[in-house]
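**Q**
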Amino acid sequence: MRAPMTEPSLKNKTILSLFWSFIDKFGQQILNFLSMLILMNIVATEDYGKINSLAVFIAFSSILIDSGFGRALLNRQNLTNKDYSTVFIFNVLFSILLYSLLFISAPFLSDLFNSSEITLIARMVFMSIVLNGLGLIQQTILTKKADFKGLSKINITALLIANIIAIVMALYGYGVWALVAQILVYALFRTIFLWIYSKWRPAFDFSFNSLKSFFSFSSKLLLTNTIATIGNNIYPSLIALFYPMSQVAYFSQAKKYQEIPFLAITNTFRSVAMLILSEINNESDRMKRVVSKMIKSIAFIAFPLGFIMILLAEPIFYMFFKEKWLSSVPFFQALTLAGMISPFVYIFNELFIAKERSAYFLGVEILKALLLIVLIVILLPKGLMALATSWVLYILATLLISVILSSKLVKYNLLNFLKDTVPYMLIALISSSISYLTTKNINPPILFITINILIIATLYITTCKLLKLEMIKEIEVWFTKRRKNK
């Protein structure tokens, strides 16, 4: 039986895990950002639309491959090699079956989106599903060991190779195939590196009893993740049904760009929450403190970042892409409102899973799905900006539902959440407003961007310090300790 973690050891493990998870997630997002800067200036908007129209099918298939077993393995202690091998064999066989079905369905997708190229593009891109399935157990084992350092090296190296190959292909005029190669090369090299780094190897040892033992937890999680994944990725495919591929690209790339920093924040804290909350899942008071600290940490970073992104969206898009992608700016600004609060939702999801309340998690996703359907039905006919608004409303409602359910599990209620987040949100909003009003007539764009970032950062940090907010004190303590240790 696992010995309970003491408060200092839990804190040390959290800090170390956060550091390497931060390196991994932010490193990946920086590489994605840089590659997108180059590729979006070379590859046609319609080509991006073709790839993005398949997003929901790729994401949905990836969730099916995991089948919830990956998270079930993370939650369970005293696993045997037979358990790992059973899940591995199941994943590989299922991924091959799923790819075969998608391969056959590709011409239908081509007809659906009225693009003859989609058939071959889909068949190539969907190969990444099988490649990713081959590395799932190694990834799970490294996460279980809290080896975020190893995972960061694997992910960043694979992504760097994929991005270089994609950029070279784009420069040589391969267009959409550069984007296809980026997806496939990343999946291939990531899986190869996982196998090289991890010492685990599958045995041909399959147990139906072992598979069944995971199923009660994983089945609810699978359904939950399926609903969530379809919701998160359905927009590009929906837009492709009613609008030209260029509009799919404008919306999708705006969503991807605004997600870069927030996904990095989400994945950093989510990786650590997954590990730490499962360690203390029988101690509700400690879980409440950990959740509160993570919520404050996210708020401290996400709100100033989000308001800076909204304020600087147009000059940044113009500076990097000129007129080619300016149509993405309104979508980017609207979706950033949702991006600022989405990391909180994922922390609550990890809380539900750590408490092994997959039924809670499933209930939240069903409510969210129903709400999303209603919002899409009402707002899709009103245009793409209305559709972007539906996403913001959806994330807000999701957050409210999550906080209400969290109050039942660890007594972390709406008042606690508002106390932890509103101060940072208001300071960030006021700092951004003051900055905009004092700099709105400044040109050129690079000067406008630089001055605004400096003003907002200075006002935000100074105000947080004057009000003695917790996260500023935590940072000061951390830097003081670092100086003493040198």
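Position in the sequence shown (first residue = 1) + 10 = our numbering.
Think of the CB as a built atom: it goes at the ideal place given N, C-alpha and C, for glycine as much as any other residue.
Y94 and G160 look like a contact to me (Cβ under 8 Å); what is the Cβ gap, rounded to whole Å?
**A** Reading the sequence shown from its first residue, position 84 is the one you call residue 94. Reading the sequence shown from its first residue, position 150 is the one you call residue 160. Rounded, the Cβ-Cβ distance is 17 Å, inconsistent with contact.
**Q** From the DSSP output, in three-state form, read off A13 for me.
**A** In the sequence shown, counting from the first residue as 1, residue 13 sits at position 3. With a pLDDT of 49 at A13, under the threshold of 50, the predicted position of this residue should be treated as unreliable, though the coordinate-derived value follows. Of the three classes helix, strand and coil, the one that applies to A13 here is coil, per DSSP.
**Q** Would A364 be called buried (16 or more neighbouring beta carbons within 10 Å of its own) or exposed?
**A** One-based indexing of the sequence shown puts residue 364 at position 354. Result: buried.
**Q** What did DSSP end up calling N243 once you bin it into helix, strand or coil?
**A** Reading the sequence shown from its first residue, position 233 is the one you call residue 243. Helix, per DSSP.
**Q** Between the beta-carbon of N62 and the beta-carbon of P246, is there less than 8 Å?
**A** Residue mapping note: residue 62 aligns to position 52 of the sequence shown, counting from 1. Residue mapping note: residue 246 aligns to position 236 of the sequence shown, counting from 1. Yes, these two residues count as a Cβ contact at 8 Å.
**Q** In chain order, what residues of the same chain have a beta carbon less than 8 Å from the beta carbon of E480, not counting five sequence neighbours either side?
**A** What you label residue 480 is simply residue 470 of the sequence shown in a count that begins at 1. Correct list, in chain order: K306.
**Q** At the level of alpha carbons, what is the spacing between S412 and N235?
**A** Residue mapping note: residue 412 aligns to position 402 of the sequence shown, counting from 1. Residue mapping note: residue 235 aligns to position 225 of the sequence shown, counting from 1. Their backbone Cα atoms lie some 15 Å apart in a straight line.
**Q** L49 and A188 - do their beta-carbons sit closer together than 8 Å?
**A** Taking the sequence shown and counting its residues from 1, one reaches residue 188 at position 178. Taking the sequence shown and counting its residues from 1, one reaches residue 49 at position 39. A contact, by the Cβ cut-off of 8 Å.
**Q** Rank L108, I275 and V301 by C-alpha distance to the C-alpha of G37 and give the top, closest one.
**A** Within the sequence shown, numbered from 1, the residue matching residue 37 stands at position 27. If we check each option's Cα against that of G37, I275 comes out closest.
**Q** How many Å lie between S338 and K60 at the Cα?
**A** Within the sequence shown, numbered from 1, the residue matching residue 338 stands at position 328. Within the sequence shown, numbered from 1, the residue matching residue 60 stands at position 50. Whole-angstrom Cα-Cα distance: 17 Å.
**Q** I need the straight-line Cα distance from A13 to M284, nearest angstrom please.
**A** Counted from its first residue, the sequence shown places residue 13 at position 3. Counted from its first residue, the sequence shown places residue 284 at position 274. Its pLDDT being 49, under 50, A13 is placed unreliably in this model, and the value from its coordinates should be taken loosely. Distance between the alpha carbons of A13 and M284: 18 Å.
**Q** What residue range is occupied by the uninterrupted alpha helix (DSSP H) comprising F118?
**A** Counting from 1 along the sequence shown, the entry for residue 118 is found at position 108. Residues N91 to L122.
**Q** DSSP on K334, reduced to helix/strand/coil?
**A** In the sequence shown, counting from the first residue as 1, residue 334 sits at position 324. Here K334 sits in helix by DSSP.
**Q** Quick check on P455: does DSSP put it in helix, strand or coil?
**A** Locating residue 455 in the sequence shown gives position 445, where the first residue counts as 1. In the structure shown, P455 sits in a helix (DSSP, three-state: H, G or I).
**Q** Are the CB atoms of L315 and F327 nearer to each other than 8 Å?
**A** Sequence index remark: in the sequence shown, residue 315 carries index 305 (1-based). Sequence index remark: in the sequence shown, residue 327 carries index 317 (1-based). No; because the gap between Cβ atoms is not below 8 Å, this pair is not in contact.
**Q** For G143, is the classification buried or exposed, using 16 other Cβ atoms within 10 angstroms of its Cβ as the cut-off for buried?
**A** For the purposes of this step, residue 143 is taken as the residue at position 133 of the sequence shown. When all chains shown are included, G143 counts as buried.
**Q** Since V357 and R280 should fall inside the 8 Å C-beta cutoff, what is the C-beta to C-beta distance between them, to a whole number of angstroms?
**A** Here residue 357 corresponds to residue number 347 of the sequence shown, with the count starting at 1. Here residue 280 corresponds to residue number 270 of the sequence shown, with the count starting at 1. The question names Val, but residue 357 is Ile in the sequence shown. Yes, they are in contact, since the Cβ atoms of I357 and R280 sit about 7 Å apart, within 8 Å.
**Q** Are the C-beta atoms of S302 and some chain B residue less than 8 Å apart?
**A** Included in the structure is just one protein chain, with no chain B present.
**Q** Within a Cβ cutoff of 6 Å, which residues of the same chain sit near Q343, ignoring the five residues on either side of it in sequence?
**A** To locate residue 343, count along the sequence shown from 1; it is residue 333. Contacts found: I320 and A323.
**Q** Label I444 either buried or exposed according to how many other C-beta atoms from any shown protein chain fall within 10 Å of its C-beta, with 16 as the threshold for buried.
**A** To locate residue 444, count along the sequence shown from 1; it is residue 434. I444 should be labelled exposed.
**Q** Among the residues of its own chain, which have a CB less than 6 Å from the CB of A69, if the five just before and after it don't count?
**A** Within the sequence shown, residue 69 is the residue found at index 59, counting from 1. Answer for A69: T239 and N243, listed in chain order.
**Q** Between the stretch 435-449 and the stretch 392-399, do three or more beta carbon pairs fall short of 8 Å?
**A** Cβ pair count under 8 Å is below three, so no.
**Q** Between which two residues does the alpha helix (DSSP H) containing A213 stretch?
**A** Residue 213 sits at position 203 when you count from the first residue of the sequence shown. That residue, A213, is in no alpha helix (DSSP H); it is neither H nor E in DSSP.
**Q** Using only the alpha-carbon positions, how far apart do K421 and L476 sit?
**A** Counting from 1 along the sequence shown, the entry for residue 421 is found at position 411. Counting from 1 along the sequence shown, the entry for residue 476 is found at position 466. Taking the straight line from one Cα to the other gives about 30 Å.
**Q** Could you check if K478 is buried or exposed, using at least 16 other CB atoms within 10 Å of its CB as the buried criterion?
**A** Sequence index remark: in the sequence shown, residue 478 carries index 468 (1-based). Exposed, because fewer than 16 other Cβ atoms sit within 10 Å of the Cβ of K478.
**Q** Does DSSP put N132 in a helix, a strand or coil?
**A** What you label residue 132 is simply residue 122 of the sequence shown in a count that begins at 1. Position check: residue 132 holds Ala in this sequence, whereas Asn was assumed. Helix, per DSSP.
**Q** When you compare the CB positions of L503 and F362, do they come within less than 8 Å of one another, or not?
**A** Missing from the structure shown is residue 503; the chain here goes from 11 to 496 and no further.
**Q** Which value, in whole angstroms, describes the spacing of the CA atoms of T473 and R299?
**A** Locating residue 473 in the sequence shown gives position 463, where the first residue counts as 1. Locating residue 299 in the sequence shown gives position 289, where the first residue counts as 1. Whole-angstrom Cα-Cα distance: 25 Å.
**Q** Applying the criterion that 16 or more other CB atoms from any shown protein chain within 10 Å of the CB defines a buried residue, is R200 buried or exposed?
**A** Here residue 200 refers to the residue found at position 190 when the sequence shown is read from its first residue. When all chains shown are included, R200 counts as buried.
**Q** Does DSSP put L204 in a helix, in a strand, or in coil?
**A** Counting from one through the sequence shown, the residue named residue 204 turns up at place 194. Helix, per DSSP.
**Q** What does the Cβ neighbour count give for Y182, buried or exposed, with the cut at 16 atoms within 10 Å?
**A** Within the sequence shown, the letter at position 172 stands for residue 182. Y182 is exposed by the Cβ-count criterion.
**Q** Taking the alpha helix (DSSP H) that E503 belongs to, which residues open and close that run?
**A** What is shown of the chain runs 11 to 496, which leaves residue 503 out entirely.
**Q** G373 by DSSP, collapsed to three states: which one?
**A** Within the sequence shown, residue 373 is the residue found at index 363, counting from 1. It is helical.
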